[in-house]
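Q: Be aware that the sequence shown starts at 0, since it is given in numbering that gives the first Met the number 0, and climbs by one per residue.
Idealized CB from N, CA, C, for every residue including glycine.
All values derive from a computational prediction rather than experimental measurement.
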Amino acid sequence: MSHRSQYVAPRHDGDSRRARLIITILSLLAILSDPAARAQVSPAISAYLPRLTDSSYASHVLGLEEFGTRYANAANVQSVTAWLDARFRSFGYTDVAYDDFTSGSSAQRNVIATLPGQQPSGGEIIVCAHYDSYASPTTVAPGADDNASGTAAVLEMARVLKTYGYTPRLTLRFIAFGAEELGLVGSSHYAALAKAAGRTIVQVQNYDMIAYRPHGAPNAIRIIWYDNARDLAVQDSSVIRRYTSLTPILSTSYRNQSDSYPFAVQGYRAFFNIEQTFTPWYHTAHDSTTSLNMAYGAEVARSGLALLLETDAALTMIDPVDHPAAYALEQNYPNPFNGMTMIQYVVPHSSSVRVTVTDLLGREIAVIADGEKSEGVHRDAWDATAQPSGVYLCRLTSGGFSQTRKLLLVR
Ligand SMILES: [Zn+2]
Numbered sequence: 000m001s002h003r004s005q006y007v008a009p010r011h012d013g014d015s016r017r018a019r020l021i022i023t024i025l026s027l028l029a030i031l032s033d034p035a036a037r038a039q040v041s042p043a044i045s046a047y048l049p050r051l052t053d054s055s056y057a058s059h060v061l062g063l064e065e066f067g068t069r070y071a072n073a074a075n076v077q078s079v080t081a082w083l084d085a086r087f088r089s090f091g092y093t094d095v096a097y098d099d100f101t102s103g104s105s106a107q108r109n110v111i112a113t114l115p116g117q118q119p120s121g122g123e124i125i126v127c128a129h130y131d132s133y134a135s136p137t138t139v140a141p142g143a144d145d146n147a148s149g150t151a152a153v154l155e156m157a158r159v160l161k162t163y164g165y166t167p168r169l170t171l172r173f174i175a176f177g178a179e180e181l182g183l184v185g186s187s188h189y190a191a192l193a194k195a196a197g198r199t200i201v202q203v204q205n206y207d208m209i210a211y212r213p214h215g216a217p218n219a220i221r222i223i224w225y226d227n228a229r230d231l232a233v234q235d236s237s238v239i240r241r242y243t244s245l246t247p248i249l250s251t252s253y254r255n256q257s258d259s260y261p262f263a264v265q266g267y268r269a270f271f272n273i274e275q276t277f278t279p280w281y282h283t284a285h286d287s288t289t290s291l292n293m294a295y296g297a298e299v300a301r302s303g304l305a306l307l308l309e310t311d312a313a314l315t316m317i318d319p320v321d322h323p324a325a326y327a328l329e330q331n332y333p334n335p336f337n338g339m340t341m342i343q344y345v346v347p348h349s350s351s352v353r354v355t356v357t358d359l360l361g362r363e364i365a366v367i368a369d370g371e372k373s374e375g376v377h378r379d380a381w382d383a384t385a386q387p388s389g390v391y392l393c394r395l396t397s398g399g400f401s402q403t404r405k406l407l408l409v410r
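1) From T68 to S302, what does the alpha carbon distance come to, in whole angstroms?
2) Which first and last residues belong to the alpha helix (DSSP H) in which Q117 is found?
3) Taking the alpha-carbon positions, what's the T150 to Y206 distance?
4) Could you have a look at R37 and say whether DSSP puts it in helix, strand or coil?
5) Comparing C-alpha positions only, which one of M341, V203 and S350 sits nearest to L171?
6) Could you tell me which of T80, Y211 and I367 sits nearest to A96, measuring between CA atoms?
7) Is the closest heavy atom of ligand 1 to the C-beta of T274 under 7 Å?
8) Tell me whether S1 counts as near ligand 1, meaning its Cβ is closer than 7 Å to at least one heavy atom of that ligand.
9) Would you say D311 faces chain C, with C-beta separation under 8 Å as the test?
10) Going by DSSP in three states, M208 sits in which element: helix, strand or coil?
11) Measuring only the C-alpha atoms, how far is S148 from V345?
12) Under a three-way DSSP split, which group does L304 fall into?
13) Kindly examine ligand 1 and report whether one of its heavy atoms sits closer than 7 Å to the Cβ of E64.
14) What are the uninterrupted segments assigned as alpha helix (DSSP H) that are 4 or more residues long and contained completely in the region 125 to 183, given in chain order?
15) Using DSSP's beta-bridge definition, name the partner residues of E363.
16) Check this for me: beta carbons of V409 and L359, under 8 Å apart or not?
17) With a threshold of 7 Å, establish whether the CB of H188 neighbours any heavy atom of ligand 1.
18) Count the other C-beta atoms from every protein chain shown that fall within 10 angstroms of the C-beta of T340, then say buried if there are 16 or more, exposed otherwise.
19) Just the C-alpha distance for T315 and D379, rounded to the nearest angstrom, thanks.
20) What I want to know is whether the C-beta of D258 ends up closer than 7 Å to one or more non-hydrogen atoms of ligand 1.
21) Where A284 and A128 are concerned, what is the direct C-alpha to C-alpha distance, given to the nearest angstrom?
22) Does the beta-carbon of G285, which I'm using as the reference point, lie nearer than 7 Å to any heavy atom of ligand 1?
23) Quick one: what does DSSP say V409 is sitting in, helix, strand or coil?
24) Taking the runs of the alpha helix (DSSP H) that are 4 residues or longer, which of them lie wholly in the region 216 to 288?
25) Along the alpha helix (DSSP H) that carries G62, what are the first and last residues, could you check?
26) Hey, how far is the Cα of I220 from the Cα of P167?
27) If I measure Cβ to Cβ from L415 and keep anything under 7 Å in the same chain, skipping five residues before and after, which residues do I get?
28) Shorter than 7 Å, the distance from the beta carbon of D358 to the closest heavy atom of ligand 1, or not?
29) Using a threshold of 8 Å, state whether the C-beta atoms of M208 and D311 are closer than that.
30) Three-state secondary structure (DSSP) at L413?
31) If you count every other CB in all the chains shown that lies within 10 Å of the CB of V60, and 16 or more means buried, which is it?
32) Just mark A74 as buried or exposed, buried being the case when its beta carbon has 16 or more other beta carbons within 10 Å.
33) Taking R86 as part of the alpha helix (DSSP H), name the residues at either end of that continuous run.
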């Protein structure tokens, strides 16, 4: 996390800020009190999580700590980026790129490993952390927690997906940002370029200081959210509850002090995770692995992997390597719901598909889809805010196939 930032936090009108906060709390309560949403665990996502191991995660942290310092203006900065490049390549990545920029007069770079998506028009997911460290004197800045711990999470998520042959729908970019401690310099450079190029970035998952948890401290992780992406933070919170042993805590602390902030400023949906107990060794020569809890950091990384997979595979995950074999209408999510719900269905081959919502008397309330659909998983929202509480039926028909699901709207 950066100790200084040249950014000015967006100003808020007090009342609208309170109103937004209340809305956030209400939507959070709606999800947390929804047993169906909490229970919705995809076996395919669950299968990936144990592949992200504590020991592999720890090996990345140790490798970064061994540099002694990763201070952005130190003489070894190029060997750090070369190490990150080699690490990504050792997992099997062939697309590892540099995004070069300057901080003052010093040359800096972000390192980006890309896993191309099958549906490039769907956009990109960015999983990121800063690799630079800071302490005074800067010659001894091991930066194990800040931020080898976050960088290791990015590396480990990248490793698992590549090693096990995951074929993403969206393009996944794993980014190690430089010069964060100098004022979010690398991420600001990157986010501004992305915006100028008109890139579609669906979500930005940033990890900054995630492995300090002393014995007896709460097994909790903070989600730092931004006004334009409450829903993403709520989804992360839900994912953490469903897939990990951690307790999620939504917070607005340190909003403008980490690499997700420049993305939020550019209008992208972003958040970052940070340990619940702030390390006493922050920005000191004592920020070493001896004070870290690797199992805790790895668990945060697993939550990130689950979130990434959930967004990429569109909620209920079908084995992404195989072509879908049959039509299917998945259970809507969340369910019960109180306004908006997602309806997902699978089309095994290009064909005409009709998806409708009716009430119990058979009256058609909404048409979700009607027409030619391509092979794959489709997802559409049903906005039921104008409908009364009750049970509704969602039906998918195509040729001779028909499947119905029960939707429960609760106000
Ligand atoms: Zn820091």
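A: The short version:
1) For the purposes of this step, residue 68 is identified with residue 69 of the sequence shown, where counting begins at 1. For the purposes of this step, residue 302 is identified with residue 303 of the sequence shown, where counting begins at 1. Their Cα atoms are separated by approximately 28 Å.
2) Residue mapping note: residue 117 aligns to position 118 of the sequence shown, counting from 1. Element bounds for Q117: n/a, residue is neither H nor E.
3) Residue 150 sits at position 151 when you count from the first residue of the sequence shown. Residue 206 sits at position 207 when you count from the first residue of the sequence shown. C-alpha separation (whole angstroms): 7 Å.
4) Working through the sequence shown from its first residue, we reach residue 37 at position 38. For R37, the pLDDT reaches just 40, beneath the cut-off of 50, and the residue's location in the model is therefore unreliable, although a value from the coordinates is still provided. R37: helix per DSSP, three-state reduction.
5) Within the sequence shown, numbered from 1, the residue matching residue 171 stands at position 172. When only C-alpha atoms are compared, the closest one is V203.
6) Within the sequence shown, residue 96 is the residue found at index 97, counting from 1. Out of T80, Y211 and I367, T80 has the C-alpha closest to the C-alpha of A96.
7) For this step, residue 274 is matched to residue 275 along the sequence shown. At residue 274 the sequence reads Glu, which differs from the Thr that was named. Outside the cutoff, so no.
8) For the purposes of this step, residue 1 is identified with residue 2 of the sequence shown, where counting begins at 1. Result yes, Cβ under 7 Å from ligand 1.
9) Among the chains of the structure shown, chain C does not appear; only one protein chain is present.
10) The count along the sequence shown starts at 1 and reaches residue 208 at position 209. M208: coil per DSSP, three-state reduction.
11) Against the sequence shown, residue 148 aligns to sequence position 149. Against the sequence shown, residue 345 aligns to sequence position 346. Distance between the alpha carbons of S148 and V345 is about 38 Å.
12) Here residue 304 corresponds to residue number 305 of the sequence shown, with the count starting at 1. Looking at L304 - three-state DSSP - the assignment turns out to be helix.
13) Counting from 1 along the sequence shown, the entry for residue 64 is found at position 65. No, Cβ of E64 sits at least 7 Å from all heavy atoms of ligand 1.
14) Whole alpha helix (DSSP H) segments, 4+ residues: 148 to 162.
15) Looking up residue 363 in the sequence shown gives position 364. Partner(s): T357.
16) In the sequence shown, counting from the first residue as 1, residue 409 sits at position 410. In the sequence shown, counting from the first residue as 1, residue 359 sits at position 360. Contact: no.
17) Position 189 of the sequence shown, counted from the first residue, corresponds to residue 188. Flag unset: Cβ of H188 not near ligand 1.
18) Start at 1 with the first residue of the sequence shown, and residue 340 comes out as number 341. Flag for T340 reads buried.
19) Taking the sequence shown and counting its residues from 1, the one referred to as residue 315 is at position 316. Taking the sequence shown and counting its residues from 1, the one referred to as residue 379 is at position 380. Model confidence at T315 stands at a pLDDT of 38, short of 50, so the residue's coordinates are unreliable and nothing is read from them.
20) Numbered from its first residue, the sequence shown carries residue 258 at position 259. Every heavy atom of ligand 1 is 7 Å or more from the Cβ of D258, so no.
21) Taking the first residue of the sequence shown as position 1, residue 284 is located at position 285. Taking the first residue of the sequence shown as position 1, residue 128 is located at position 129. For A284 and A128, the distance between alpha carbons rounds to 20 Å.
22) As a working note, residue 285 is residue 286 in the sequence shown. Before going further, note that residue 285 is His rather than Gly in the sequence given. No - ligand 1 has no heavy atom lying nearer than 7 Å to the Cβ of H285.
23) Sequence index remark: in the sequence shown, residue 409 carries index 410 (1-based). In the structure shown, V409 sits in coil (DSSP, three-state: anything other than H, G, I, E or B).
24) 229 to 242 and 259 to 264
25) In the sequence shown, counting from the first residue as 1, residue 62 sits at position 63. D53 to E64 is the extent of the alpha helix (DSSP H) around G62.
26) Counting from one through the sequence shown, the residue named residue 220 turns up at place 221. Counting from one through the sequence shown, the residue named residue 167 turns up at place 168. Distance between the alpha carbons of I220 and P167 is about 27 Å.
27) Coverage of the chain is limited to positions 0 through 410, which leaves residue 415 absent and any answer about it impossible.
28) On the sequence shown, residue 358 is found 359 positions in, with the first residue counted as 1. Answer for D358: no, Cβ out of range of ligand 1.
29) For the purposes of this step, residue 208 is identified with residue 209 of the sequence shown, where counting begins at 1. For the purposes of this step, residue 311 is identified with residue 312 of the sequence shown, where counting begins at 1. For the pair M208 and D311, the CB atoms are not nearer than the 8 Å cut-off.
30) This structure cannot settle anything about residue 413, because the visible part of the chain is limited to 0 through 410.
31) Here residue 60 refers to the residue found at position 61 of the sequence shown. Label assigned to V60: buried.
32) By 1-based counting over the sequence shown, the position of residue 74 is 75. The residue is exposed, with fewer than 16 neighbouring Cβ atoms inside 10 Å.
33) Locating residue 86 in the sequence shown gives position 87, counting from the first residue. Here the alpha helix (DSSP H) through R86 covers V76 to S89.
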